[in-house]
Every structure is written in C-alpha cells, then in structure tokens.
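The sequence shown lines up with residues 792 to 1359 when you count with the working numbering.
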Amino acid sequence: MRFSRVFYFPLKEDPKDAEVISHKLMVRASFIMRLSSGIYSWLPLGLKCIRKIENIIRDEMNKKGAQEILMPIVQPKELWTESKRWEKYGKELLRFRDRNERELCLAPTHEEVVTDIARREIRSYRDMPLILYQIHTKFRDEIRPRFGVMRAREFVMKDAYSFDRSEEDAEKSYAAMYDAYANIFRRCGLTFTVVEADTGEIGGSFSHEFMVLAETGEDIIFFCEKCGYSANHEKAEIGGNFKLSGKRGNYKKVLTPNKRKVEEVAEYLNVPKERILKTLLYKSEKGTFGVLIRGDREVNETKLKNLLNLDFVELLSGDEIERITGAPLGFSGPLGLSIPLYADKEVGQMEDFVVGGNEADTHILGVNVSDLEVRGFYDLRYAQIGDPCPRCEGSLLSKRGIEVGHIFKLGTKYSEAMNAKFLDRDGREKYIVMGCYGIGVGRTLAAAIEQKHDKNGMILPISIAPFEVTVLPINVTDSYSMEVAERVYTELIDAGVDALLDDRDERPGVKFKDCDLIGVPIRVTIGEKNLKEGYVEIKMRDSENTEKVKKEEVVRRVNEYVRKHKSN
Ligand code: ATP
Ligand code: MG
C-alpha cells in the first residue's frame, strides 16, 4: 500500500469524549469513527488490525477442531423465552418489534441460537465433541458505553460453543479452548494473565477471564505471589481460618442523634470504623434477609447471590426498613431482628462493637459475637490488598486489567432449558454438556494500545499492526531515493511482508510522526546522504536506536525481524 492512497486524516487534538489513550489514538489515527454513542465504524487502518487479530483467532480455533459458522444477529423472542432470558436479561438486551408485531432482539450473545442448532442436529454421542464458533457483531445496550470500542454497544466478538456427552469430555473442550486462548493472546503480542471469574448473566459452573495487564483497565485483579492464585474483583475469595471470638460482655444502648452513616457514628462515639458492625437489609426473590459486615467493608453482592442461590438482591428502601426494624434507615441492628441474618466471616473476630439499635437515634455499644443470632459466617465481602490468600498462607495483591477473553463451563444450563438431548452409548437420553468462550476483537486491539504506547502514538505488536514495515524515502523528489524505495518495497511485498511505502511529498517530520502514530513496528528510512554511501536505516518503533544497513541487505534483514517477532 502507498501512503498517499491510505484513508488517513490524522487529528492533532484528542476527541472530546475520549478518556483513555487507546480511544484517543484510534480516533486520531483514523482507525475508527464514531457514529453514535458506543457505535463505531472501522476505517481501513483499524480494520486491517482487526482482520489480523481475527485470522489469528481463526487459526487457533481451527487448530482445535472448532468449526466456523455465522448466526443471525436478529433473533426471535421465543428462543429467549425458552432459556428464560427474555425476562432475566436486563436492559442491555435490545428488544423491538417487526412489521407483524413479532418481538425480536439484537443478540448480545448467542447461546440460544447455537443451542437450537445443536438440538436440531445432534442425535447421538457420536456427533460429539463439537465446537462451533463465529466472529460476528453483538449488540449490548450498555448503560455507560465508553472508552471507544473497548466498551461499545455494537462490537465484534468471537464466540465459540462446545457440546459434549459428559462433564469429563466438556472439561477437555474447556481445556482446549483455554489453551487456544493463551496461544491467541500470546500471538497478538499481549502480556496477559488468567483469572478465576464469576459466571454472571451467562450462568454455569466455572469460568476464567483473560486479562491484559494495563493501568487503565476497568477490572481489578487480585492475586497471590506465593501460590499463583488469581481472580477478578467480583470473584476473589478471602482466605484465613477464622475463630469466633469468645468474648462476652454487657452491651448498652446509647443515643446517637441523627448519626446514620458509619463515619458519623464512628466520629460521634469515638470508635474506629472497624469496631462498627453494619447491618444491611436486602430483598430477593426468596424473601428478606440481613447481612452483617464490618463498618469499613463492602458487601460483594455476587458472593451473596451465589451463597444463597439467588437471581437478584436489592437493598431495602427506608420505608421497607422501618417496617421491619421499627427504625428509620441508618439505625438497623442485628439484635432482636426476626429475619435471617448472614454474617461476613470477619465479623466472627470482632469484639466490643457497635450496632444499630433498631430505634430512631440509637446505637448499642459493647456487643459481641455471642450476642448475635446468625445463620452462619461466610465470605461475603470484596477482597482488599493484604487479605489472606484463599489457597495458601500468602496474602493478596492487586493489579488492573482489561478483560479481553472469557471462558465458561456452562454444564447443562441451556440444554436443559431448551431440551437439547442426545442418545448416549448406554442407550439413555441425556442433556448435552456445554461450554461457551468469548473474545472481544475490538477490545483486544484497544488493550494492545493501552499496554504499549508513547507520546507519539501506538506501539503495536507486529502480528496485529496495520503494516509490518514502512519504507520511508525522505525526499520523494529525489529520483534515486525513490527508485531504491520502490525496489525495497516491491521486494518486501514479494517476500510476503506487509509493507507500506510512504510516497507522500511531506516533510520528514510529518512522515515520521504519522508512522509512529499508527504504530508500525519497523521503519526503513531512505535518506539521500546515507544512500550515497550505499546505506539505508532501520528503526524499530519501540526503540530510539537506528541501525545502518547496506541497501542490498535491508529486505533480508526486515524479513528476518518480521519472522522472528511474529513467531514469538
Ligand atoms: P464486561 O464484564 O467487560 O462487561 P462481559 O463479561 O459482559 O464483559 P462476556 O459476555 O464475557 O463480556 O463477553 C466476552 C468478551 O466480549 C469479553 O471478554 C470482552 O472482551 C468482550 N466484550 C464484552 N462486552 C463488550 C463491549 N461492551 N464492548 C466491547 N467488547 C466487549
Ligand atoms: Mg465476561
């Protein structure tokens, strides 16, 4: 490709709505163009990167025997009713009607359709293992689209689905996908880590997320250096043996006029927040209950839902609280409450603490664990740096990451809901055991940019950059420079290198800047002075050094670099 023909209109200014560097650079470098909130067009340079990522994905999927399909984005309500997700999926699911008043949705994910395909064709255990995948558009009406294509509403995902005859075989498929994902992200040149994750909206039994480490990541990863345990913020378990404090004592009521929040009560009574017990009252589809947690901690509602096997939990309103405790919001306490109470396990170690008095403007001092009537002590809070590791005696640290891939073992959740069965070897009908596996293609590119960039622009890994090398003649009006440039460029193309010839009659500064902005990893600079001595210059995007090379050698050298870095 010749730069003079490239669809490229660089911006000097960052777009106003861009908060993160990848978004800024992708817009400034004509990779993407915003159409509407969370909806983007991919322009030629950006799409070249996307296609390279897709080809790596395709290659690794095919190597595992997965087969590519393409499923509809517009889907009928009926399928989603079968899986019970028409109601359960929140507003992210965009629902609409056609001219015949039939209800439809735009697919945020494809479990329903793929399960339908499977149940119509899979008859016997001989038809499995089967892995189907597609690389296709998804629509999720995200509450806060942001960061460009990183959290978009319309985006391209690779989604794969596995079908097996037993749990054991399903685990083999899961392991194969895990392996493929590790290969994909490695080949995309990313530094990533794999963490345990909650299964969320998709449901199922266990799951891992592939996280690219980056300061700007939305996700927080907890990990233990000692044993290698790692999990995301939602999932991170807190270890440690807890012993119930045996202390007893006499508690007493005190007035705390209008002091509702933990901070206010702590200050008023002059006790640290760690010695205040919060009583949070929740409702759920199974009824009302309370959670007890140390004053300075936050309840992890995912852990709560998992513990109690609930689909939804929500804090009670002030009126609802008053009906149960007899006191307004801010004065709830565990003593004398008739609803079930679940305590965070850290509460078990607290002594002489303060609780709400279930009476307006009162708290109770000097309460101990033996005064509480709870269903049990469980891991119910968000992990913090320094918390005990759940797997060894180490403690947890944290880092920021961007979730680029997510794999789930679904079990029979969808096959049961949608009646997808097969005839097993023993002559019995059984439900197909499933798994599902997603990669955000646009997000992967954005994550690569977040991971490596400098003040001049992107520093892209060679396997996913829009071009592998730019051949840059400094003076295009010098016919000898152009002759050499054309020759080097043609030979590179012939050798299978994805080269760009910067044939533009621009100042060298402008050409260098553009080449840096779009992240091309190798630059071959052809200057008149060097050329007189028979040399050209090679510079790598991620280094300041330049290397003089005989002009006859340059194609071989570049080719060597490309092969070496691509195979890493
Ligand atoms: P998140 O927690 O970031 O909202 P998710 O867990 O809902 O994502 P999955 O259903 O696991 O997403 O989707 C698989 C992959 O699709 C994610 O790992 C991510 O790379 C990508 N993805 C999900 N939502 C978006 C989005 N709004 N924009 C771009 N990519 C996305
Ligand atoms: Mg996910």
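No residue lacks a Cβ here, since even glycine has one placed at the ideal position from N, Cα and C.
Pairwise C-beta distances place the stretch 1180-1188 out of contact with the stretch 938-945, as fewer than three of them are shorter than 8 Å.
One Cα belongs to Y1169, the other to K1136, and the distance between them is close to 5 Å.
One thing to note: I1255 has its Cβ no nearer than 7 Å to the Cβ of M1249. Ranking D1110, K1204 and L1035 by CA distance to the CA of T990 puts K1204 first.
Of the heavy atoms belonging to the ligand ATP, none sits nearer than 6 Å to the Cβ of M1225. Remark: the shortest separation between the CB of H1024 and any heavy atom of the ligand MG does not fall under 6 Å.
In this structure the stretch 1133-1148 touches the stretch 1061-1070; the number of beta carbon pairs closer than 8 Å is three or more. The three-state reading of DSSP puts E1319 in helix, counting H, G and I together.
Straight-line spacing of the CA atoms in L870 and E903 works out to 6 Å.
Nearest to E894 by C-alpha distance, out of V1146, Q866, H1356 and I847, is Q866.
G1121 sits buried, since 16 or more C-beta atoms from the chains shown fall within 10 Å of its C-beta.
In the assembly as shown, P806 is an exposed residue. Its beta-carbon has fewer than 16 other beta-carbons within 10 Å. Taking a cut-off of 8 Å on C-beta distances, the stretch 1221-1230 does not touch the stretch 1277-1284, as fewer than three cross pairs fall below it.
V986 places its beta carbon 7 Å or farther from that of N1032. When secondary structure is reduced to three states using DSSP, C840 falls in the helix class. Nearest neighbour of H1197 by Cα position, chosen from L897, D970 and I864, turns out to be D970. With respect to the 7 Å criterion, V1195 and F946 are not classified as neighbours on the basis of their beta carbons.
Following the DSSP letters along the chain, one finds S874 in no alpha helix (DSSP H), marked with neither H nor E. Where P1264 is concerned, there is no enclosing alpha helix (DSSP H), although the beta strand (DSSP E) around it starts and stops at V1260 to P1264. When the Cα atoms are used, K1052 and K815 turn out to be separated by approximately 40 Å. The ligand ATP has no heavy atom closer than 6 Å to the beta-carbon of M968. Shown here for G1086: same chain residues with a beta carbon closer than 6 Å to its own, the five before and five after excluded, namely V1053, K1064, I1067 and K1069 in chain order. With respect to the C-alpha of L861, the residue from R890, N1350, V1353 and T900 having the closest C-alpha is T900. With a 10 Å radius around the Cβ and a threshold of 16 neighbouring Cβ atoms, Q858 comes out exposed. Secondary structure at F976: helix, using DSSP grouped into helix, strand and coil. Between I1329 and T1316, the alpha-carbon positions lie close to 6 Å from each other.
Nearest to S795 by alpha-carbon distance, out of E1055, L1292, V1262 and I1084, is L1292. Distance from the Cα of F1013 is smallest, within the candidate group F930, V1262, A1174 and G1148, for A1174.
Close CB contacts of C1306 within its chain, under the 6 Å cut and outside five residues either way in sequence, are with T1261 and R1314 (chain order). Distance check between E1184 and each of V1353, C1018 and F1103 places C1018 closest, using alpha-carbon atoms only. Cβ-Cβ separation between K1341 and G1318: approximately 14 Å, too far for a contact (criterion under 8 Å). For A943, the distance from the CB to the nearest heavy atom of the ligand ATP is below 6 Å. Excluding sequence positions up to five before and after V1165, its CB lies within less than 7 Å of the CB of L1083, L1132, Y1133 and A1134, all in the same chain and listed in chain order. In the DSSP assignment, T1079 falls within the beta strand (DSSP E) that extends over G1078 to R1085.
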